[in-house]
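Engineer:
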Amino acid sequence: GAKPRRLSGGQAQRVALARALATRPRLLLLDEPLAALDARTRLDVRAQLRRHLAEFEAVAVLVTHDPLDAMVLADRLVVVEDGGIVQEGAPGDIARRPRTDYIAQLVGLNLYRGHADGHTVHIDDDGPAITITEDLTGPVFLAFPPGAVTLHGERPTGSSARNLWRCEVSGMETHGDQIRAALTGELPLAADLTTVAAAELDLHPGATVWATVKAAQTHAYPA
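So for the sequence shown, this note's numbering puts the first residue at 1; every next one is plus one.
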């Protein structure tokens, strides 16, 4: 077979992992185990590592800067920012209820802080009031995905949407057949739409649009 120094990155990582697990350690530390791999190899090794960790009967600690690695491989996450722990819990809980802007960005959510009064959240720093489905009181976080945002070229008439804001497009990024638009205005936010929808709206930096989000697509939780 190939000598160790001639192994590909993926093969070398598999060998290193097999050696580490063969000793049946009580504690396994994995420091950025997938960082040096290309995207295709990383996908394969990540799947293999997940299977091994599922069968591993001791404790494994994984250090990574890749949110996908963390979400796929971990049973419990500890998120560190600026040298301090800012949130910990099950990956699903953290993805649904981020508590910092950094975590919200990692899991792809618009996140705001505000004060709830029944079914209304008043966003901090003189932000707008947002209608929610939950009945809450006191300081809260409010989150919704960019895909929950609907953009209109003109202010919708006859719309029942209570969450409606005038925005300006500040930037655009293309991801396959999707575009993520960064919007500024009364409520800064990110919105996802298809390239076809963006073309129909003549979306471009500097364009004015109206953004709506249904209350049922927001998620508020105590701060």
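Even for Gly, the Cβ is constructed at its ideal location relative to N, Cα and C.
To the nearest whole angstrom, what separates the beta carbons of Y102 and E81, a pair I think is in contact under 8 angstroms?
Structural biologist: With a Cβ gap of about 6 angstroms, Y102 and E81 count as contacting.
Engineer: In the DSSP assignment, find the unbroken alpha helix (DSSP H) run with R50 in it and report its ends.
Structural biologist: Note, R50: alpha helix (DSSP H), 39-55.
Engineer: In three-state DSSP terms, what is T157?
Structural biologist: Three-state DSSP puts T157 in coil, outside helix and strand.
Engineer: Quick check on P222: buried or exposed, where buried means 16 or more other Cβ atoms within 10 Å of its Cβ?
Structural biologist: When all chains shown are included, P222 counts as exposed.
Engineer: Contact check, P98 vs A148 under 8 angstroms by CB: the rounded distance?
Structural biologist: Wrong, their Cβ atoms sit about 15 angstroms apart, outside the cutoff.
Engineer: Rounded to the nearest angstrom, what separates T137 and D124 at their Cα positions?
Structural biologist: Answer to the nearest angstrom: the Cα atoms are 14 angstroms apart.
Engineer: Report buried or exposed for L193, applying the criterion of at least 16 other Cβ atoms within 10 angstroms of its Cβ.
Structural biologist: The residue is buried, with at least 16 neighbouring Cβ atoms inside 10 Å.
Engineer: Which stretch, first to last residue, makes up the beta strand (DSSP E) that contains T137?
Structural biologist: Here the beta strand (DSSP E) through T137 covers 129-144.
Engineer: Do the region 50-63 and the region 24-38 touch if we need at least three Cβ pairs shorter than 8 angstroms?
Structural biologist: Taking 8 angstroms as the limit for Cβ pairs, the verdict is that the region 24-38 does touch the region 50-63.
Engineer: Residues in the same chain with beta-carbon distance under 7 angstroms from A74, minus the five sequence neighbours each way, listed in chain order, please.
Structural biologist: Same-chain partners within the cutoff: L62, P91.
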